[in-house]
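Chains as they are written, first to last, in this note's numbering: chain W, 55 to 490; chain E, 55 to 490. For each residue, glycine too, the CB sits at the ideal point set by N, CA and C. Please read these numbers as outputs of a predicted model, since none were measured by experiment. Scroll down for the structure; my scribbles are underneath it.
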C-alpha cells in the first residue's frame, strides 16, 4: 500500500500532455483560490458544514468505492493493519464529517494582524495573515487525509490539489467529487478541491514542478515519499513526519514517572511519527529502571533492540536482540524499541544529535539544570520535559487540527495548523509619503 | 560582473572532492552554530562590535584586495555603475562597520516566546524562537553583502556560509578572514563565518545539495541567479528580490500626491528591487496626469515604454517608445518605465495579476473602496496606499536590517529581518503527563 512515488523519479517521462493537464488543474485552483481569499469566515464555515453533510449523505457511495479499494488491497496481499487504515465504515465517515464541523468552530487565521505600528514618518504599517493560494498535498493511503486536507485548506482560504495513494484511488475519487459538489452547492468554486490521481506518478511530478502555480506542497507519508518530493520539487515544500523519537531517562528521574511516560510514548499508538523509537537510560539508574521497564514493555509485546548493558539487565520475559547502528537510525513504527545505556547527559545529547530526525525528544528528570540543558541543546521541533512524546500533535497542543508535523526549520516547525497554511502581506498606508 | 551561476548548472560536474570539501565546511559551520545557539545577546553584540573594529583596523588590507578586483573588473570591461558598487573606500568600510554596530543595538530575536499557554491538562507549552543553525548565502558582486550577511546571521545565532561573486573574490576573501579572526578574538568559533568561493561554481552546487547541513539558503542577485538556486537546490531556499513593481494612479487620485510618489518610486534609486517598473493610469485622469508626469519623468531622464494612449498624450520632451508585452514583464532596473492607460480598477488589477512578480504594488487614490479592493486583491508581499514603493525595505519598515526581500510565500514574505533568520522550538513541561 505504498505509492509509486517510492521509486526514484529521475527517469520519469513527463509527457507534455500530463504536464499541460496538471498545470490546467493548478490554473483552475489558482483562479478558484482568488474567490476564497476574500470570503468571510461565515462563508467558509458554511461550506465546511455543507461538506460534512454531503459526506454523510454519500455514505453508501463512499463505502462502495472503498470496498473496491479494499478488495484490490486484499488481492495484492496488503497487511491487515494497512487495510484497517484504508477501510471506511459509516461510523468512520461520521467521524470524518465531524472533524470538518470542528474545523468550522475554529478561529479563522486569515486577517490576523501579526504586527502593526505607525512608523516615525507617519506611515501606518501592518502585516496581515492572508491565504497561501494553492496548496498541494501528496500522501499515502488513508482516505480521511483527503477530507482533512480539503477542510484545512478551505478554512485557511486556500485551494487544494490532492494526490493520494493508488491504494485508495476509488475512495478518494468519490470523496473529492462529493466535496467539490458540496462547494458548488454553497456557491463556491468546485475547483477549490481537485485531485490529480488520474495522471498517476507523472501527474505528481508535474505538480512538484508547477512553479508559480503551487504556493506550498506538503508530502505526508513514509520517508521515501517525503525524500522524493523534497528532491524533485521546484515548488516550495514543507517536509513532514519522519520521527526517530527519543526518550531519555536521566539519573535523577522519578522512575514512577518515567515508566508510564515511556510506555505511553512507545505503545499508546505505534504507527505514528511521535511514538518513541529509542530509549536512552543514564547508567546510574539503569540497574533499577531497566528490569522493570523492559518487563512492562514485554507485557505490551515490545521487542527490545538493546546495547550490551541493556541486554545484561533484561529480565527473562523480555524479547531482546542486540542493537546495531541501524537500530539507532530506524523509525520502527512498530512494537520495537532501541535501548542504550549512556554514561551521562552529554552522551545522551550526543546520541540524539547523531541519530535524531529532529521531531520530538523527551527527558525524564528531577534536575532543573539537566532539563534546561536538554531543552536548550536538543535541536528538535518539540522537546518534552516529564511528558509523553505523543503530545507533539496539533490537537494536543491546542492548535485544533493539523495538516502534518514539520521536521524542517523553514516556515513551520512541529505541528502545522491553520496558521501555518497562511502567509502574510505587508499593508502600508501613507498620505503621499516618499522616501527621502 | 555576474557570477558563473548565471549559466544553467544541469551539466555541472560535481567532483566528489569539491562536494566533500564543501560538506566539511558545512559540518564545521554546524558544530560552530551550536556554540552560538546558546550564546547570550551580550556575547553576540560584543562579537559584532569586535568585527566592526577589526574591519576598520584592516582598511588598508581590504582596500588593497579591492583594488585587485577593480583592476580585473576594468580589464574585463565591467560597467562604471557596477565598478562603483564593487568599490570599497575607507569611508565605505567605516559605513559597513557602523552597520554591524547598529545590528548590535537591535533586540535579539532568539528566545522570544511566540506563543505559550497552560493547556487544559496542565501541560505548560511554549513556542520559542531559536536560531536556524546554518544559513547559506549566494550573492553577486557587492562586498558589503558579505559583512551584512555575516552580521545578520551572527545576531540571529546562526553560522553563515558565503558564496560571493567572482568579481569580488579578492575583497571577500580578505573580509571573511578579518571577520573570522575577530570572532576567534571574542572566543567564538571562527567557523561561524566561512566562504566557499575557492570551490567556484561546483562549490555553490555542492552547497545547494548539502541537505541536513544547511537549514536555509538565500540567493541574492539577478533573476537568473535566483532561478538557478531555486531549481537546483535540495536544501530549503527563500527566494529574494525580483521586483516588477507597479504604481496605479486611480481615477480619484490626488495628482499632487501621485506625481511625487511616482517620481520617488521610479527615480529615487533605479537599480533596486522596490523601484517602480510599470505605471498604470486610469483613463479618467490620463489626459490631466500623463502630460505633466511624463514631462517630469523626462526631466529625470526616464524613457517611457507606452501603450498607444500614453504615446498620444506624451509631451514633446518625453523620450517614448511603443510598449510590447515584454515591457510589461520586464524589471528594468534602469531609467525606463512601462506605462499603460487602463479603463478601470478591474483592468489595473488584471494587469498586475498577469505581470507582477509579487514584490510591491502601490495605488494612489482618494477612494476608500478602491484602496480596500486593491489591498485585498493584489497578491504581493507589500501593498502601498498613497506611499512610494521604495518603502518596502527592512530599515524603512522598522525591522532594523534585512537580508533580502522575499517574493515567495513560504516562511518569510517581504523584508527578511533578524526574526526571519530564526525558527521555533516547541517546549512542553509536564509532571508525568501521558496521552489518554
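Under 9 angstroms, Cβ to Cβ, is there at least one residue of chain E near residue i?
i: residue 434/W; result: yes
i: residue 469/W; result: yes
i: residue 480/W; result: yes
i: residue 187/W; result: yes
i: residue 303/W; result: no
i: residue 315/W; result: yes
i: residue 259/W; result: no
Taking the alpha helix (DSSP H) that residue i belongs to, which residues open and close that run?
i: residue 411/W; result: It is not in any alpha helix (DSSP H) - residue 411/W carries neither H nor E in the DSSP assignment.
i: residue 155/W; result: 144 to 159
i: residue 479/E; result: Not the alpha helix (DSSP H): residue 479/E falls in the beta strand (DSSP E), residues 476 to 487.
i: residue 422/W; result: 422 to 431
i: residue 280/W; result: 277 to 286
i: residue 231/E; result: 223 to 239
From the DSSP output, in three-state form, read off residue i for me.
i: residue 130/W; result: coil
i: residue 218/W; result: coil
i: residue 438/E; result: strand
i: residue 135/E; result: helix
i: residue 313/W; result: helix
i: residue 45/W; result: Residue numbering for chain W in the displayed model covers 55 to 490; residue 45/W lies beyond these limits and cannot be assessed.
i: residue 179/E; result: strand
i: residue 192/E; result: strand
i: residue 186/W; result: coil
i: residue 250/E; result: coil
i: residue 390/W; result: strand
i: residue 205/W; result: helix
i: residue 335/W; result: strand
i: residue 330/W; result: strand
i: residue 169/W; result: strand
i: residue 457/E; result: coil
Whose Cβ in chain E lies nearer than 7 angstroms to the Cβ of residue i?
i: residue 442/W; result: 487, 488 and 489
i: residue 449/W; result: Residues of chain E passing the Cβ test: none, with the nearest at roughly 10 angstroms.
i: residue 350/W; result: Ordered by position in chain E, no residue passes the 7 angstroms Cβ test against residue 350/W, which lies about 13 angstroms from the chain.
Kindly indicate if chain W contains any beta-carbon less than 9 angstroms away from that of residue i.
i: residue 60/E; result: Note that residue 60/E has pLDDT 42, beneath the 50 cutoff, so the model's placement of it is unreliable and the number below is only indicative. Judged by the 9 angstroms Cβ criterion, residue 60/E is not in contact with chain W.
i: residue 565/E; result: Absent from the structure is residue 565/E, since the part of chain E shown begins at 55 and ends at 490.
i: residue 300/E; result: no
i: residue 336/E; result: no
i: residue 371/E; result: no
i: residue 280/E; result: no
i: residue 32/E; result: Nothing can be reported for residue 32/E: it is not among the residues displayed for chain E, which extend from 55 to 490.
Taking the alpha-carbon positions, what's the residue i to residue j distance?
i: residue 77/E; j: residue 248/E; result: 12 angstroms
i: residue 489/W; j: residue 299/E; result: 16 angstroms
i: residue 382/W; j: residue 99/E; result: 39 angstroms
i: residue 218/E; j: residue 234/E; result: 16 angstroms
i: residue 440/W; j: residue 292/E; result: 36 angstroms
i: residue 84/W; j: residue 153/E; result: 41 angstroms
i: residue 179/W; j: residue 448/E; result: 12 angstroms
i: residue 408/E; j: residue 304/E; result: 19 angstroms
i: residue 474/E; j: residue 460/E; result: 10 angstroms
i: residue 480/W; j: residue 327/E; result: 16 angstroms
i: residue 166/E; j: residue 183/E; result: 5 angstroms
Just checking residue i against the ligand FAD - is the residue's beta carbon closer than 8 angstroms to any of the ligand's heavy atoms?
i: residue 271/E; result: Among the components of this structure there are no ligands whatsoever, and the ligand FAD is therefore not found.
If the cut is a Cβ gap below 8 angstroms, which residues of chain E does residue i touch?
i: residue 262/W; result: By Cβ distance, chain E contributes nothing, its closest Cβ being about 12 angstroms from residue 262/W, past 8 angstroms.
i: residue 232/W; result: Those within 8 angstroms of residue 232/W in chain E number zero; the least Cβ separation is about 29 angstroms.
Name the chain W residues that come within less than 8 angstroms of residue i, Cβ to Cβ?
i: residue 318/E; result: 488 and 489
i: residue 437/E; result: 479, 480, 481 and 482
Could you work out which residues of chain W lie near residue i, taking near to mean beta carbons separated by less than 9 angstroms?
i: residue 133/E; result: Per Cβ cutoff of 9 angstroms: no residues; residue 133/E is ~25 angstroms from chain W at best.
Under 9 angstroms Cβ-Cβ, which residues of chain E neighbour residue i?
i: residue 333/W; result: By Cβ distance, chain E contributes nothing, its closest Cβ being about 15 angstroms from residue 333/W, past 9 angstroms.
i: residue 462/W; result: 269, 290 and 477
i: residue 343/W; result: Those within 9 angstroms of residue 343/W in chain E number zero; the least Cβ separation is about 15 angstroms.
i: residue 173/W; result: 445, 450, 451 and 452
Show which residues of chain W have a CB atom less than 7 angstroms away from the CB atom of residue i.
i: residue 283/E; result: Going along chain W, no residue has its Cβ under 7 angstroms from residue 283/E, so there is no contact; the nearest lies around 11 angstroms.
i: residue 525/E; result: The requested residue 525/E is not part of the displayed model; chain E covers only 55 to 490.
i: residue 190/E; result: The premise fails here: residue 190/E is roughly 12 angstroms from chain W at the closest Cβ pair, so nothing lies under 7 angstroms.
Residue i touches chain C at which residues, Cβ-Cβ below 7 angstroms?
i: residue 311/E; result: Within the model displayed, chain C is absent; protein chains W and E are what it includes.
Which first and last residues belong to the beta strand (DSSP E) in which residue i is found?
i: residue 354/W; result: Counting along the chain, residue 354/W falls outside any beta strand (DSSP E), and DSSP gives it neither H nor E.
i: residue 71/E; result: Residue 71/E -> not in any beta strand (DSSP E); alpha helix (DSSP H) instead, spanning 70 to 91.
i: residue 95/W; result: Here residue 95/W belongs to no beta strand (DSSP E); instead the alpha helix (DSSP H) covers 95 to 111.
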